[in-house]
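Heads up: the sequence lines are chains A and U, in that order. Going by UniProt numbering, the first residue of the first sequence is number 1, and it counts up by one from there. Going by UniProt numbering, the first residue of the second sequence is number 1, and it counts up by one from there. Built from N, CA and C at the ideal position, the CB exists for glycine as well. To start, the structure under review is shown below, and the notes come after it.
2 protein chains.
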Amino acid sequence: MKFTINRAAFIKELNNVQRAISSKTTIPILTGLKLVADDAGLTLTGSDADISIETLIHADNPDNQLAIASTGAIVLPARFFSDIVKRLPEDTLTLDVTEGFQTEITSGSASFTINGLDANNYPHLPEIDATDAVSLSGNVFRELINQTVIAVSNQESRPILTGVHFTLVDDQLLAVATDSHRLSQRKINLPQAASAMYDVIIPGKSLTELSRMIGDDNPDVEMRLSENQVLFTIGDRYFYSRLLEGNYPDTSRLIPKESTTSAEFDAKALLASIERASLLSHESRNNVVKLTLDPETDTATIFGNSPDVGNVEESLTPSELTGEALEISFNPDYMKDALRSFGQTAIKIAFTSPLRPFTLVPTEDSDNFVQLITPVRTF
Amino acid sequence: MKFTINRAAFIKELNNVQRAISSKTTIPILTGLKLVADDAGLTLTGSDADISIETLIHADNPDNQLAIASTGAIVLPARFFSDIVKRLPEDTLTLDVTEGFQTEITSGSASFTINGLDANNYPHLPEIDATDAVSLSGNVFRELINQTVIAVSNQESRPILTGVHFTLVDDQLLAVATDSHRLSQRKINLPQAASAMYDVIIPGKSLTELSRMIGDDNPDVEMRLSENQVLFTIGDRYFYSRLLEGNYPDTSRLIPKESTTSAEFDAKALLASIERASLLSHESRNNVVKLTLDPETDTATIFGNSPDVGNVEESLTPSELTGEALEISFNPDYMKDALRSFGQTAIKIAFTSPLRPFTLVPTEDSDNFVQLITPVRTF
């Protein structure tokens, strides 16, 4: 196996594949990066057993300056190999597997020789032969991920809650996550009805990495399923993740339909004042911020308190405030995560009682995105 | 004590004074920031007992929007107070010390009440009544600090070596640091002879903080000494540091005057290839890189090796190479620090033998800056 390649093009794909490679794996060969050179080009593979990423650098794209002198495969220590490639002096590099699995990497006058591993010992990627794929806009799907993963549990005591629950029926994709203190639900209407029905739970960690790989240029993302794996295809990049096994709790009845008090705020302004209040609540044993709503005077007031350090009080003027007066306490960190996920829009918060979960929705397009937060009892 | 101030102007000086404040101090009041409002303006003080920083925000500078309603003093929890100030909603803030040491901070509709401490219990800053000051250009002095502190020891076993040794005789300021494996020496010729003679050791940590405070706009830095303290004045900012007590070793005879082999390199190109070689030496138990110089073929070759991972070899063409052939090994991290301190210039390295220290100087202006590195015996 021997090839020459443009270093910048190679580094770009190295970075993508490295997302899947962990130095903490219990399977030593998975600390390596698998390289396969064939007539089509160079394929890079990385995996931590949960996530696998594969990417193809085409031989026929002149930007890649890829010339394959002889085909073959090798596994190289990923972190170390990537450090070398990033520090090489010239615009191209040549990689040559010499005797055994010794690999020579040359660029300009610098020449590295490193010990590789037999690519035959590298685990096979899952086979996904599903023909029906769901196609999604990269930007929309990335937004869906970022809006839901915030509510995923990071406690392994209920592993099922560390994933996002995806259901697809006809033209509607629904994603829900909850850690049992808060919930986030996002709907996407697909341009056409899908031919398959999905009901799967994808680990939050996989989705976070996938969202980073989608990038800013709004590529199409294709999603395919097998029994215990999902494959996302983004151009020539393939992202595999295992699915979580088990039944996701029924969340459809958790979201209250009615409310007794409702208030509209600018999400960004409310976020800023919750951040101020949390400066104090974070110094306190019970991390709680209090909100009072008084529709008669049209005022909302936020309180934060720490017996050791001091307190803060701030009044806000909601753009709309209707219903009964209310005093409610909540974890400000849940509120901050929720508010950040809306960006810079107007939102509506609907309450039923100081002890019942309340919901946040964007004032426009309120059907497709809802966040739910359980309050904290302080009396 | 009550005042209103422009938040941006206040934050700028808060950031400066906070350099001196550590949360790890054994003297609780030093985790606080001292504020004193008087007719001249607002004085901020922070200290960790080794370093103290004081800065004055003038009442008569309209940019500060400083209006002092009543004079007085207070000590506030520094980190927490600064977090609050940075998150306030409006361009100005009002600070009001109410009953006891309770302090109210208001900005727009946000109102914080925090518990302060009695400013009378804050330690006094050292008194430095020296009238003769040495004045230095900020850029030159910052460069001198950054070029010498790299060689300071971080081992407390010989505390004296954790400082930089400054001597001033007539118009020449000399700064030397060594950790006994390497040495860095920088000279500055002052525009006029100083009236005093200095021989002091300033802690490296103090100098690193001072260098950050000097900033990019090339301010004048004035240096004044007392028996065990040094005061640097930068405009309205006062930076105090304790001095290290003891006798600094005589370093003047360590720097060899003659050489048997000498080579000239571009500092940046040599740095890049040492960085590549250190990728391998860092994987090895003894972190060593080997350099061979062959004046007959005009080549320099760098070797890095790790038995587990592999090896690297790279040939360089020095712009000049004279004297005897040589093979020498050294710690690449010392070499990297030294090369970085030269920036993008041509340098000359002079060797006497594989076991004797070698020197690096800029090809131009070679009298004022020298780095010395002790090689590693590998045979």
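Are Thr292 of chain A and Ser315 of chain A touching if we call contact CB-CB under 7 Å?
Mapped onto the first sequence, residue 292 of chain A falls at position 292. Mapped onto the first sequence, residue 315 of chain A falls at position 315. When the beta-carbon positions are compared, Thr292 of chain A and Ser315 of chain A stay at least 7 Å from each other.
If we ignore side chains and look at the alpha-carbon of each, how far apart do Asn139 of chain A and Ala37 of chain U end up?
Translated into positions along the first sequence, residue 139 of chain A becomes position 139. Translated into positions along the second sequence, residue 37 of chain U becomes position 37. Rounded to the nearest whole angstrom, the CA to CA distance from Asn139 of chain A to Ala37 of chain U is 53 Å.
Counting C-beta neighbours from all protein chains within 10 Å, is the total for Lys34 of chain A 16 or more, i.e. buried, or is it exposed?
One-based indexing of the first sequence puts residue 34 of chain A at position 34. By the Cβ neighbour-count rule, Lys34 of chain A is buried, with 16 or more other Cβ atoms within 10 Å of its own.
When the cut-off is 7 Å and only beta carbons count, does Glu313 of chain U lie next to chain A?
Within the second sequence, residue 313 of chain U is the residue found at index 313, counting from 1. Judged by the 7 Å Cβ criterion, Glu313 of chain U is in contact with chain A.
Of all the alpha helix (DSSP H) runs that stay within the bounds of the segment 281-347 of chain U, which reach a length of 4 or more residues?
Counting only runs of 4 or more residues that sit fully inside the segment 281-347 of chain U, the alpha helix (DSSP H) segments are 332-340, in chain order.
Only counting the same chain, and skipping five residues up and downstream in sequence, which positions put a Cβ closer than 8 Å to that of Phe80 of chain A?
For this step, residue 80 of chain A is matched to residue 80 along the first sequence. Closer than 8 Å at the Cβ level, and outside the excluded window around Phe80 of chain A, lie Ile114.
When the distance is taken between beta carbons, is Ser184 of chain A closer than 7 Å to Thr148 of chain A?
For the purposes of this step, residue 148 of chain A is taken as residue 148 along the first sequence, with counting starting at 1. For the purposes of this step, residue 184 of chain A is taken as residue 184 along the first sequence, with counting starting at 1. Yes, the Cβ-Cβ distance between Thr148 of chain A and Ser184 of chain A is below 7 Å.
Mapping DSSP to helix, strand and coil, what is Pro256 of chain U?
Position 256 of the second sequence, counted from the first residue, corresponds to residue 256 of chain U. The three-state secondary structure of Pro256 of chain U, taken from DSSP, is coil.
Proximity to Val85 of chain A [Cα-Cα], best of A:Glu222, A:Glu13, A:Thr345
To locate residue 85 of chain A, count along the first sequence from 1; it is residue 85. Answer by Cα proximity: A:Glu13.
Measure from the alpha carbon of Leu339 of chain U to the alpha carbon of each residue in U:Glu327, U:Ser319, U:Gln371, U:Glu313, then state which is nearest.
Position 339 of the second sequence, counting from 1, holds the residue named residue 339 of chain U. Out of U:Glu327, U:Ser319, U:Gln371, U:Glu313, U:Gln371 has the C-alpha closest to the C-alpha of Leu339 of chain U.
Where the beta strand (DSSP E) containing Ser82 of chain U begins and where it ends
Locating residue 82 of chain U in the second sequence gives position 82, counting from the first residue. Taken as a continuous stretch (DSSP letters only), Ser82 of chain U belongs to no beta strand (DSSP E), being part of the alpha helix (DSSP H) at 78-87.
Got a sec, what are the start and stop residues for the alpha helix (DSSP H) Leu210 of chain A sits in?
Mapped onto the first sequence, residue 210 of chain A falls at position 210. Unbroken alpha helix (DSSP H) run through Leu210 of chain A: 204-214.
Out of U:Leu76, U:Phe10, U:Gln18, which has the shortest C-alpha to C-alpha gap to Ile29 of chain U?
Residue mapping note: residue 29 of chain U aligns to position 29 of the second sequence, counting from 1. Comparing Cα positions, the closest option is U:Leu76.
Does the segment 245-254 of chain U come within contact of the segment 164-183 of chain U, defined as at least 3 CB pairs closer than 8 Å?
Touching, yes.
Within the segment 117-183 of chain U, note down every full alpha helix (DSSP H) run reaching 4 residues or more, in order along the chain.
As far as the segment 117-183 of chain U is concerned, its whole alpha helix (DSSP H) runs of at least 4 residues are 138-149.
Is any beta-carbon of chain A found at less than 7 Å from that of Ala37 of chain U?
Locating residue 37 of chain U in the second sequence gives position 37, counting from the first residue. Answer no: the Cβ-Cβ gap between Ala37 of chain U and chain A never drops below 7 Å.
Within the chosen definition, does the segment 362-370 of chain A reach the segment 63-74 of chain U through at least 3 CB pairs nearer than 8 Å?
At 8 Å Cβ cutoff, the stretches do not touch.
Which residues, taken in chain order from the segment 271-287 of chain U, show a beta carbon closer than 8 Å to some beta carbon of chain A?
Residues of the segment 271-287 of chain U with a C-beta less than 8 Å from any C-beta of chain A: Ala272, Ser273, Glu275, Arg276, Leu279, Leu280, Glu283, listed in chain order.
Assign Gly32 of chain U to one of two classes, buried (16 or more other C-beta atoms within 10 Å of its C-beta) or exposed (fewer than that).
For the purposes of this step, residue 32 of chain U is identified with residue 32 of the second sequence, where counting begins at 1. Gly32 of chain U counts as buried, since no fewer than 16 other beta carbons sit within 10 angstroms of its beta carbon.
Under the three-state DSSP convention, the category Gln65 of chain A falls into
Counting from one through the first sequence, the residue named residue 65 of chain A turns up at place 65. It is coil, neither helix nor strand.
Determine the chain U residues that contact Val309 of chain A at a beta-carbon separation under 9 Å, and present them in chain order.
Along the first sequence, read from residue 1 onward, the residue named residue 309 of chain A stands at position 309. Result: Pro77, Phe80, Ile114, Asn115.
CB contact below 7 Å: Ile84 of chain U versus chain A:
Residue mapping note: residue 84 of chain U aligns to position 84 of the second sequence, counting from 1. The beta carbon of Ile84 of chain U sits closer than 7 Å to some beta carbon of chain A.
Identity of the residue in A:Val376, A:Asn368, A:Thr374 nearest Glu143 of chain A by Cα:
Here residue 143 of chain A refers to the residue found at position 143 when the first sequence is read from its first residue. When only C-alpha atoms are compared, the closest one is A:Asn368.
Distance, Cα to Cα, Phe141 of chain U vs Ile53 of chain U?
Along the second sequence, one-based indexing puts residue 141 of chain U at 141. Along the second sequence, one-based indexing puts residue 53 of chain U at 53. Their backbone Cα atoms lie some 18 Å apart in a straight line.
Is there a C-beta anywhere in chain U that falls below 7 Å from the one on Ala110 of chain A?
Residue mapping note: residue 110 of chain A aligns to position 110 of the first sequence, counting from 1. Yes, Ala110 of chain A counts as interfacial toward chain U.
What does DSSP give as the partner residue(s) for Tyr198 of chain U in the beta ladder?
One-based indexing of the second sequence puts residue 198 of chain U at position 198. In DSSP, Tyr198 of chain U forms a bridge with U:Leu168.
Let me know if Asn305 of chain A comes out buried or exposed under the rule of 16 or more other beta-carbons within 10 Å of its beta-carbon.
Within the first sequence, residue 305 of chain A is the residue found at index 305, counting from 1. Asn305 of chain A comes out buried.
Which first and last residues belong to the beta strand (DSSP E) in which Val17 of chain U is found?
Position 17 of the second sequence holds residue 17 of chain U. It is not in any beta strand (DSSP E) - Val17 of chain U instead sits in the alpha helix (DSSP H) that spans 7-18.
Quick one: what's got a C-beta closer than 6 Å to residue 404 of chain U's C-beta in the same chain, skipping five residues either side?
In this structure chain U extends from 1 to 379, so residue 404 of chain U is not present and cannot be described.
Just the chain A side, please: which residues come within less than 7 Å of Pro89 of chain U by C-beta, in chain order?
Translated into positions along the second sequence, residue 89 of chain U becomes position 89. Under the 7 Å cutoff, chain A gives Ala272.
Using 8 Å as the threshold, is the segment 251-266 of chain A in touch with the segment 99-107 of chain U, meaning 3 or more CB pairs across them?
By the Cβ test, the segment 251-266 of chain A is not in contact with the segment 99-107 of chain U, since fewer than three Cβ pairs between them sit closer than 8 Å.
On the criterion of 16 or more Cβ atoms from any shown chain inside 10 Å, does Leu355 of chain A qualify as buried, or is it exposed?
Position 355 of the first sequence, counting from 1, holds the residue named residue 355 of chain A. Classified as exposed, Leu355 of chain A has fewer than 16 neighbouring CB atoms from the shown chains inside 10 Å of its CB.
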